[in-house]
Each structure stands twice: as C-alpha cells, then as structure tokens.
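Single-structure report; data block below.
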Amino acid sequence: MPRYAHTVDGKRYRFADLKSLLAKATPARSGDQLAGIAAGSDEERVAARMALAALPLATFLDEVPIPYEEDEVTRLIIDEHDKTAFAPVSHLTVGDFRNWLLSEAADAAALAALAPGLTPEMAAAVSKIMRVQDLILVAKKCRVVTAFRNTIGLAGRMATRLQPNHPTDDPAGVAASIVDGLMYGCGDAVIGVNPASDNVHTVTTLLRMLDAVIAKYRIPTQACVLTHVTTTIEAIGRGAPVDLVFQSIAGTESANAGFGINLAVLAEGRDAALSLRRGTVGDHVMYFETGQGSALSANAHHGVDQQTCEARAYAVARKFKPLLVNTVVGFIGPEYLYDGKQITRAGLEDHFCGKLLGVPMGCDVCYTNHAEADQDDMDALLTLLAAAGVNYVMGVPGSDDVMLNYQSTSFHDTLYIRQVLGLRPAPEFEAWLRDIGIFAPGEALALAQDLPAPFRHALAKLD
Amino acid sequence: MDDPADTPVIPDTWGKLRRFTPARIALGRAGTSLPTQAQLDFQFAHARARDAVHHPLATGVLRTALAQRGHTVATVRSAAPDRRTYLQRPDLGRRLDEASRAALAALSAADDAPFDVAFILADGLSAFAIEQNALPFLDAMLPRLPAPAWKLAPLVIAAQSRVALGDDIAVTLHARMVAILIGERPGLSSPDSLGIYLTWQPRIGTTDAQRNCISNIRREGLDIHLAADKLLWLMNEARSRQLSGVSLKDDTQAPDERLATPATNFLLDSRP
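Chains as they are written, first to last, in full-length UniProt numbering: chain A, 1 to 463; chain B, 1 to 272.
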C-alpha cells in the first residue's frame, strides 16, 4: 500500500515510497527519465509536489531514501543531524518550510544556525517546490564564508577559479594561461589545474610550479592540482607543496566507491593537508566537485532522483569543512541534463541546496557540444547565479577548455558580471590586484592598460 | 579594422605567450568584453563541433571504400532510432536493433572457430572523426594483422553507436576481441577526434574498467601509425594474457605520461 498519495480534482495520485515521491516531484530532466523514475505526466509531477508540500519536514529523519545499513552517506546524514538546530522548523511541512525560507524571519543568521539541522533530503525536497526566483532569493540570504590565503564568500564579492589547463600538462603552457587569467583579475578562489595525467611525478611538477609562481609574485591565493585524493596524499608524502586537496564526490557510498573513495580516505586527505599548515588566514583545505547524474552514471543511485543524490553529496562535503565546492553542472552531458533549460535549473538548485546546507558553493557554469546549449544559456545562468550570491565561478581562457573539451565561463565573463552587479574579488586578492597594477587606481574595477612590471620583466626574456 | 589605431579593441600585450598553449589566450577586449572577431571565431568553432555531433555518418561512402579494398562489410545500427533519442538514451545506443542483429548473425563464425578480432567503425559523438580518420587508420592497422595469425571478422559500420555496442556486435559475430573505432565527444578545437576501445571477450554488461582506450587520434593529435602500434601491442598482450582493461597497463603509453616536463618556465626564470 503506497504511503504517499494526493487527490486533485477527484483523481488520486499514489506514490510508492518517499524516493518515488521525490523523483516524481522533480522538474523534468533527462537523467531521471533515463533512470525510469520521472513523473509520467506533467499533472503527476505537480500532484507529487502537492503531496510533498503536505509532508512534515521531520519525515526525512524517520524515512531515508537509501537504507542506513547499506550506505555510509546515509549514516553520516543521520548520525550528525543536529536536532537543536532543527528545532525552529521541526514543526513545519515542506510547503511551509518554503514559506518560512521566503519570510523575513529567515535572515542570514537564522539560516546559518539552521544549516546543521537540515538534511540533504529536506533541502532537495523544498527546492523541488521552489521556482527559480525562490532559489535565488533564499540562496542570496545564506552566507558561507571560508578562508585559506584569502577570504571567500563575503557579501558583495565573487571569486573565480583560474583554470589554466593544458593538453599535455606543459608548465609553460599552464603558466601562459595563468598570466592571461591574472591580467583579467581572476584566480582568487584557486589557481586550479586539471592534469591530463594522474602520474604523481607530473602532479608534483605542477604543484611545485604553482607554488613558486604564488610565492614569487606574492599572490594571496591558493593552488590546487585536481587529481585523485590518493595521488595528492602520495604527493604530500613526497614533500610536494599542497594547499588544497581535491576530490570528486557523490551522494551515495557506492557512487563514491566508483570514484575510488570513501569518507575515511577523505579524512586522511584532509589531515595530510592540515599537517602542512600552509593557510595564512584560514584552514579550509578541501576542494570538492560534484554534479547531478554522477550517481546514476555509476549505476549507484538506488532509484533516487539525481538532484536528491546531488544534495546528499553536500552532506559529504560539509563534513570536511571545504574551502570550495562546485557543481560542474553541464559537464556530464545531455543524458542527464538535456538542454540549457535543464542545466540552468540544475545549477540554481545545486547552489541553493549547497548554501542552505552550509556549503561554500560555487558553480562551473558549463556545457558540452552534444548538449542543446550555447553561450546565451551560460550568460543567463552566470547572471542568475551571481544574483544568487554564488561564491565563485570558473575562469577559462576564451571559455574553451582545451584539455577537458568543454566550455565554461571565461575571464571576460567574470569582468562582465563584476561590471553589471558590482561584485568584487576576495578582499586580499583585490588589494594585490591594485598593488601590483592589474587594476588601475581608484574605486572602479578597471583594468590597467600596461602589463605590471614583474610580469613585463618575465615576458621580456621571451623576445 | 586593420589599423589598430582605428579599432576600439584593446589588445592584450602578452600575445607572445600563444606559442606555449593552444588555449584561447590574449584575445584582447572591447571594454572588458570579448572583441567581435574572437566572439565570432568561438561561435564558428562551436557550430562546427555541434555539426560534428549531428552530422549523420555517410555509411554508403565508407562501405564502398572498404569494399574496394576487398573487405567484407556489414552495416548495422543501434536500437536508438534517431540522434535525439541517441543523446538521451545511452542504453539504446549500446544495443543492436533486431534487423541488424539478424543480418550480423548470418555472418557469424562457427562456435568452435571464433574470429580473433572484430573491427567496428562507429559514429559515436562525431561522424567526422570516422570519415576523416577511420580509413587511413585501417590502412595502417590491417597490414599489421596477417592471416592466419589473425582471423578477422567482417568490418562493421555502426550508426547511433555507443562504445558498448561493440560488445553486442562481437557476441553476435562470435569474436574473441573487439576494437571499436568511435567518434569522441567533440571539443571546440577538436571536432574530429577518434578513439579506439579494445575489449577482450566482450559480454553484454562489460564495464569500461575492462577496456583499454587509445584517445585523440586525429591530424593534430595522436598519429595514426603510433596509434596502430599501440593497438597492436594491446591486442597481442590481450590475447596472450587473456584479459583487457586496467590490469593491462599500456607500457607503450608510459613514456607519454612521463614527459620530461621542465620544472621551470618563463614566469619563474626572471628576477622580479
């Protein structure tokens, strides 16, 4: 007998269980259709939302979509739930939780205090009955501030990851893209390279190079080579200068096993990075990437919709106090998010759920060439996310990642959104941009015309 | 627009760094935005990559060219009826449609004398990759596989195909090994990149961990003769060790991974 049902206009809609209700309430997307769990009609989808809205929020503490015994992410979610923090909303239904989130009572302080009391399933559930403007408005009120060599997530600011990838990890090629990004004022979130090779020697070479550049030009930022956590641990063991430990994570134990990780390995990585004590203004040392569809693509979704799986990944993330977390929303392809509309909605859901759960959320606003999306879609999502207070976005030269073969946001895009919304870089980084002469003197964030002297000297040797 | 003084575009002064990377650096700016020329260049590259995804594989032309070389050729399609379905339903792209399965079954080897290897030319996400690279690659590869050491299955051209369609084809043909040449996800600067996946004893449900991949085969990428050498090495190893995948590390790839990268570069060589 289905426990969840809703009657609209005399028609009874039944939902087999909680995960089925969540899946059918989700806005349409190709991944849930591929998994065979999406609503069968538009009417059923809205009926599921009505049933979901009537559900007490506390239901998610008693009934979990993936069994506690089978999944360490579920155990993490339940074991570390903070009942005291949950108290202010514990009497609400999902529908009234949305109303509360939109109310003036839910200010930045209230939302920050609430975060440990929320489970990912609660965040996912309420997001499914929210419109785009709701996702923006509430996320904007959440503030998650983190720090390592600079401070990320402050009001009125937006950081960028400088992503200087090169097809063969050539250090000079990486350095060329770093110059391009720095001269456009990018790189405060991290200078982060996706290596083409996972060879520990290559990774260590890149780490040493990034460390030397940051030290020589006194850049108040952090570096990362985005390789597997075990490779980074090995590099630390060999004495490599590691600021941030990177890992792709997902929302189920079996999907994480597909990535070759579990919670214990992540803890080991964090401990290794903390032991180096390389942060100057904070000690957030983890960098995680996520994305809807990763659990399904590993056949590790347990019949749970991809957006709920994604929100569960944020429970994994927050356990390890990360500096940076971003959804790589459009990278996975049209089997999971078909077009610009689906990518846009997913990016805003991910940002909202992450922020609500207390995760320092950024977004790789991106698409692949087999998705029905283009630069106009990315401009729209970037603008919406910036309005929602996203902590950081990517900066890729000319939007074209020549190693990973996809398109993300560019250095130019960052300056566009700074101009339109007046968003500034991280304060320490902004001061450096002015001191070294990348930004012209004055309050406006105007690029100087001339190459700053230290970089002019470096390039002069190439003539 | 030819005279820099006449254009409102502000050039970037680090253009000489372009020698180090194919990335789109030093594009200049209009205000702080992308200049018109760079914007249109990007749109053209995106259009080309999208055309690569949606361009149907010219199976007739390919079939004729292969027949002229004296090969037996079969043309099949997956259970994905069109491109839109193909892009959203990877499960259908991994399965033969029934008519194709019946046609292939007529060409299959006897149970006790299976083919050593089946070569498949699959559109994947870029038919351009097959149209531009598959014939030159086969011309380089097939002479490396003389009979009777290698008993080759008929060549198969596959439309709306994912990598795992090769498993279904190999099972239907009775082949002990399958090498599927397939168009890779096109990048903005690489719309015609060919990948080859080799699988020993493919079965329905074989996972990617059981395959070996040779990637980025195209004019500006991995040379076809190098790719053929790698594939031959993998095929010999797979046959002698009776396995493929992660446990069959490609030693011929190892030198690439250990590119002796200089630890220093122009940013670090100079004094501040």
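Glycine included, every Cβ here is placed at the ideal spot set by N, Cα and C. Owing to the predicted nature of the structure, the values given are computational and were not obtained by experimental measurement.
- Excluding its 5 nearest sequence neighbours in each direction, Phe411 (chain A) has C-beta neighbours in its own chain below 6 Å: Gly181, Tyr184, Cys186, Gly395, listed in chain order.
- When the five nearest sequence neighbours on each side are left out, the beta carbons in the same chain lying within less than 8 Å of the beta carbon of Arg211 (chain B) are those of Val163, Tyr197, Leu198, Thr199, Ser244, Gly245, in order along the chain.
- Sequence-distant partners of Leu423 (chain A) (beyond 5 residues in either direction) whose C-beta falls short of 8 Å from its own C-beta, in its chain, are Gly156, Arg157, Met158, Ala386, Ile417.
- Secondary structure note for Tyr4 (chain A): its beta strand (DSSP E) is the uninterrupted segment 4 to 8.
- Uninterrupted alpha helix (DSSP H) stretches at least 4 residues long and entirely within the region 71 to 126 of chain A occur at 72 to 79, 83 to 86, 94 to 102, 108 to 114, given in chain order.
- In this structure, DSSP gives Ile343 (chain A) a helical state, which the three-state scheme calls helix.
- One thing to note: Gly166 (chain B) has its Cβ no nearer than 7 Å to the Cβ of Ile157 (chain B).
- Residues of the region 389 to 402 of chain A with a C-beta less than 9 Å from any C-beta of chain B: Val396, Pro397, Gly398, Ser399, Asp400, Asp401, Val402, listed in chain order.
- Sixteen is the threshold: since fewer than 16 other Cβ atoms of the shown chains lie within 10 Å of the Cβ of Arg203 (chain B), the residue is exposed.
- Secondary structure of Glu69 (chain A) (DSSP, three-state): coil.
- Under the Cβ criterion of 7 Å, Leu61 (chain A) is not counted among the residues facing chain B.
- Identification of residues in the region 44 to 64 of chain B having a C-beta nearer than 7 Å to some C-beta of chain A yields His46, Ala49, Arg50, Val53, given in sequence order.
- Judged by DSSP secondary structure, Tyr314 (chain A) falls within the alpha helix (DSSP H) whose first and last residues are 306 to 319.
- Excluding the 5 residues flanking it on each side, Asp107 (chain A) has same chain C-beta neighbours closer than 7 Å at Lys141, in chain order.
- In terms of CA proximity to Asp243 (chain A), A:Val281 leads the group A:Ile249, A:Gly251, A:Val281.
- Within its own chain, the residues whose Cβ lies closer than 6 Å to the Cβ of Thr227 (chain A), once the five positions on either side in sequence are excluded, are Pro195, Asp198, Val203, listed in chain order.
- Residue pairing from DSSP leaves Leu135 (chain A) without any beta-bridge partner.
- Rounded to the nearest whole angstrom, the CA to CA distance from Pro186 (chain B) to Lys11 (chain A) is 47 Å.
- At a cut-off of 7 Å between C-beta atoms, Leu381 (chain A) does not count as an interface residue with respect to chain B.
- Residue range 224 to 241 is occupied by the alpha helix (DSSP H) that includes Trp233 (chain B), with no beta strand (DSSP E) assigned at that position.
- Ranked by how close their Cα comes to the Cα of Arg89 (chain B), the residues A:Pro334, A:Val359, A:Arg318, A:Gly269 have A:Pro334 in first place.
- Put simply, the backbone Cα of Ala85 (chain A) is about 18 Å away from that of Asn99 (chain A).
- Taking C-beta atoms as the reference points, Ala67 (chain B) and Val61 (chain B) fail to come closer than 7 Å.
- By the Cβ criterion, the region 352 to 368 of chain A is not in contact with the region 448 to 460 of chain A, since fewer than three pairs of Cβ atoms, one from each stretch, lie closer than 8 Å.
- Residue state for Asn216 (chain B) is assigned as strand, using DSSP reduced to three classes.
- A:Glu69 is the residue among A:Leu22, A:Glu69, A:Ala23, A:Glu43 whose C-alpha sits nearest the C-alpha of Glu253 (chain A).
- The criterion of a C-beta distance shorter than 7 Å is not satisfied by Met378 (chain A) and Val390 (chain A).
- Per DSSP, Tyr86 (chain B) is one residue of the alpha helix (DSSP H) stretching across 83 to 88.
- Ranking A:Arg312, A:Ser294, A:Val245 by CA distance to the CA of Ala35 (chain A) puts A:Ser294 first.
- One finds Arg185 in chain B with Cβ atoms closer than 8 Å to the Cβ of Thr368 (chain A), taken in chain order.
- The shortest C-alpha to C-alpha distance from Lys19 (chain A) to any of A:Thr308, A:Ser30, A:Thr205 is the one to A:Thr308.
- Counting every other CB atom within 10 Å of its CB across the protein chains shown gives Phe115 (chain B) a total of 16 or more, marking it as buried.
- For the region 216 to 242 of chain A, residues whose beta-carbon sits nearer than 8 Å to a beta-carbon of chain B comprise Lys216, Tyr217.
- Within chain B, Thr32 have C-beta atoms less than 7 Å from the C-beta of Leu415 (chain A), given in sequence order.
- Going by C-alpha positions, Pro22 (chain B) is about 8 Å away from Gly173 (chain A).
- Taking C-beta separations shorter than 6 Å and ignoring five residues to either side along the sequence, the partners of Gln222 (chain A) in its chain run Phe148, Arg149, Val190, Asp243, Leu244, following chain order.
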